[in-house]
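S.K.: Just so you know, the sequences run in chain order D and P.
Take 13 as the starting number for the first sequence in our numbering and just add one per residue.
Take 211 as the starting number for the second sequence in our numbering and just add one per residue.
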Amino acid sequence: QQQVKQSPQSLIVQKGGISIINCAYENTAFDYFPWYQQFPGKGPALLIAIRPDVSEKKEGRFTISFNKSAKQFSLHIMDSQPGDSATYFCAASSSGNTPLVFGKGTRLSVIA
Amino acid sequence: EAGVTQSPTHLIKTRGQQATLRCSPISGHTSVYWYQQALGLGLQFLLWYDEGEERNRGNFPPRFSGRQFPNYSSELNVNALELEDSALYLCASSAGDWDYGYTFGSGTRLTVV
Numbered sequence: 013q014q015q016v017k018q019s020p021q022s023l024i025v026q027k028g029g030i031s032i033i034n035c036a037y038e039n040t041a042f043d044y045f046p047w048y049q050q051f052p053g054k055g056p057a058l059l060i061a062i063r064p065d066v067s068e069k070k071e072g073r074f075t076i077s078f079n080k081s082a083k084q085f086s087l088h089i090m091d092s093q094p095g096d097s098a099t100y101f102c103a104a105s106s107s108g109n110t111p112l113v114f115g116k117g118t119r120l121s122v123i124a
Numbered sequence: 211e212a213g214v215t216q217s218p219t220h221l222i223k224t225r226g227q228q229a230t231l232r233c234s235p236i237s238g239h240t241s242v243y244w245y246q247q248a249l250g251l252g253l254q255f256l257l258w259y260d261e262g263e264e265r266n267r268g269n270f271p272p273r274f275s276g277r278q279f280p281n282y283s284s285e286l287n288v289n290a291l292e293l294e295d296s297a298l299y300l301c302a303s304s305a306g307d308w309d310y311g312y313t314f315g316s317g318t319r320l321t322v323v
C-alpha cells in the first residue's frame, strides 16, 4: 500500500517558469511533510519541510503549500533554473514515531 | 563535519550470495535508517535502528537484516541474493530533531548477476 502518492512522474519546465509537484497522503496521523532533492549519484537532501499547523512555508524560491482537509501538499519552485534539474521526493511521517514514507519521485528537467 | 558515509560504493554479487553494506552516521546521530531505491519505485523503507535497537522494519523478507553497533554505525546484510535485489541502498541518519530531517549518504549500488 503506497501511503504517499506523488505526481507527475516527470516534468519539463522552461527556465524562469514555475515547477509544481503534488503529493497526497492517506494516513491522518502524519504530521511532518518534507521534500527531498536528489541529484544523480547522490543521496537525497532535505529541501524544505512543513508541519500541518501552517498552510504554507517559503524558503527562497521553494514553497510548500499544505491542504490538511484534502490531505494534499505540493512543492512550488519559482523562477526554475537548469540547476534545479533533479529528482524530487515528497515524504511524510508521524514525527518521532515512524520512519519517513516517500513518494515515488518526480524527475524535473529545466530547459533553457 | 563529515556526512553520512557508506561503503562500498559499488558491489557486484552473484545470485544466492550474501551482501554486507556499511554505514557511518553523522557524529551525534543515534538513529540510522536503511532504504532501497530501485528504479521507478522511489525509496522503500527497510530498517530503522536507534540506540542499538531495531525500532521498525519495512515490508521486506527476513533475508534483509542488519544491526547497529555501539558507535552507532550500522550494517545491512542481504542473504540469498536475488536478481531483484539489485538497487541503490541508501543509509540516512538523524538526531531525532525533525526540523533537520534525515541526512542521507550517497548509497551503495548493489548489482546481483
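Just so you know, even glycine gets a beta-carbon here, dropped at the ideal spot from N, CA and C.
None of the values given here were measured: they were computed from a predicted structure.
Report yes if the CB atom of Gly315/P is closer than 8 Å to the CB atom of Gly55/D, and no otherwise.
M.R.: The residue given as residue 315/P occupies position 105 in the second sequence. The residue given as residue 55/D occupies position 43 in the first sequence. Contact flag set, yes.
S.K.: Output needed for Thr224/P: all residues of its chain with C-beta closer than 8 Å, excluding positions within five of it in sequence on either side, in chain order.
M.R.: Mapped onto the second sequence, residue 224/P falls at position 14. Result list for Thr224/P: Leu291, Val322 and Val323, in chain order.
S.K.: Just to confirm, is the Cβ distance from Leu87/D to Ile24/D under 8 Å?
M.R.: Taking the first residue of the first sequence as position 1, residue 87/D is located at position 75. Taking the first residue of the first sequence as position 1, residue 24/D is located at position 12. Going by C-beta atoms, Leu87/D is not nearer than 8 Å to Ile24/D.
S.K.: Shortest alpha-carbon distance to Glu12/D belongs to which of Ala61/D, Lys80/D and Ser106/D?
M.R.: This structure gives no information on residue 12/D, because the portion of chain D shown stretches from 13 to 124.
S.K.: Going by C-alpha distance, which of Thr99/D, Thr110/D and Ser106/D is nearest Gly117/D?
M.R.: For this step, residue 117/D is matched to residue 105 along the first sequence. Nearest option by C-alpha distance: Thr99/D.
S.K.: How long is the line joining the alpha carbons of Ala57/D and Trp258/P, rounded to whole angstroms?
M.R.: Counting from 1 along the first sequence, the entry for residue 57/D is found at position 45. Counting from 1 along the second sequence, the entry for residue 258/P is found at position 48. Those two C-alpha atoms are separated by around 18 Å.
S.K.: Taking Cβ-Cβ distances below 7 Å as the criterion, which residues of the stretch 253-279 of chain P are in contact with chain D?
M.R.: Cβ contacts with chain D: Leu253, Phe255, Trp258 and Asn266.
S.K.: Straight-line CA distance for Pro64/D to Phe78/D?
M.R.: If you number the first sequence from 1, residue 64/D lands on position 52. If you number the first sequence from 1, residue 78/D lands on position 66. Cα to Cα, the separation comes out at about 7 Å.
S.K.: List the endpoints of the continuous beta strand (DSSP E) containing Tyr100/D.
M.R.: In the first sequence, the residue the question calls residue 100/D occupies position 88. Unbroken beta strand (DSSP E) run through Tyr100/D: Ala98 to Ala104.
S.K.: Output yes if chain D places a C-beta closer than 8 Å to the C-beta of Tyr299/P; else output no.
M.R.: Here the question's residue 299/P lines up with position 89 in the second sequence. With 8 Å as the cut-off, Tyr299/P does not count as an interface residue toward chain D.
S.K.: Going by the beta-carbon positions, is the gap between Ser304/P and Ser241/P smaller than 8 Å?
M.R.: Position 94 of the second sequence, counted from the first residue, corresponds to residue 304/P. Position 31 of the second sequence, counted from the first residue, corresponds to residue 241/P. The answer is yes: Cβ separation under 8 Å.
S.K.: Taking 8 Å as the cut-off, decide whether the C-beta atoms of His220/P and Tyr282/P are in contact.
M.R.: In the second sequence, residue 220/P corresponds to position 10, counting from 1. In the second sequence, residue 282/P corresponds to position 72, counting from 1. No. Outside cutoff.
S.K.: Hey, is Leu221/P's beta-carbon within less than 8 Å of any beta-carbon in chain D?
M.R.: Here residue 221/P refers to the residue found at position 11 of the second sequence. So, not an interface residue.
S.K.: Tell me whether Leu229/P is buried or exposed, calling it buried when 16 or more other Cβ atoms sit within 10 Å of its Cβ.
M.R.: Reading the second sequence from its first residue, position 19 is the one you call residue 229/P. It should be noted that the sequence gives Ala, not Leu, for residue 229/P. Buried, since its Cβ has 16 or more Cβ neighbours within 10 Å.
S.K.: Checking the sheet assignment: what are the DSSP bridge partners for His239/P?
M.R.: In the second sequence, counting from the first residue as 1, residue 239/P sits at position 29. DSSP lists no partner for His239/P.
S.K.: Would Phe114/D count as contacting chain P if we go by Cβ distances under 8 Å?
M.R.: Position 102 of the first sequence, counting from 1, holds the residue named residue 114/D. Yes, its Cβ sits closer than 8 Å to a Cβ of chain P.
S.K.: Taking 8 Å as the CB-CB limit, is Pro20/D close to chain P?
M.R.: The sequence position of residue 20/D within the first sequence is 8, counting from 1. So, not an interface residue.
S.K.: By Cβ distance below 6 Å, which residues in the same chain neighbour Arg232/P in space, the five residues on each side in sequence not counted?
M.R.: Looking up residue 232/P in the second sequence gives position 22. The residues are Ser217 and Glu285.
S.K.: Just to check my reading of the structure: Gly29/D and Ser92/D have Cβ atoms closer than 8 Å, yes? What is that Cβ distance to the nearest angstrom?
M.R.: Taking the first residue of the first sequence as 1, we reach residue 29/D at position 17. Taking the first residue of the first sequence as 1, we reach residue 92/D at position 80. Correct: roughly 5 Å between the Cβ atoms.
S.K.: Tell me which residue opens and which closes the beta strand (DSSP E) that Thr318/P is part of.
M.R.: Residue numbering aside, residue 318/P sits at position 108 when the second sequence is read from its first letter. Counting along the chain, the beta strand (DSSP E) containing Thr318/P begins and ends at Thr318 to Val322.
S.K.: Determine which residues share a DSSP beta bridge with Ala229/P and list them.
M.R.: Within the second sequence, residue 229/P is the residue found at index 19, counting from 1. According to DSSP, Ala229/P bridges with Val288/P.
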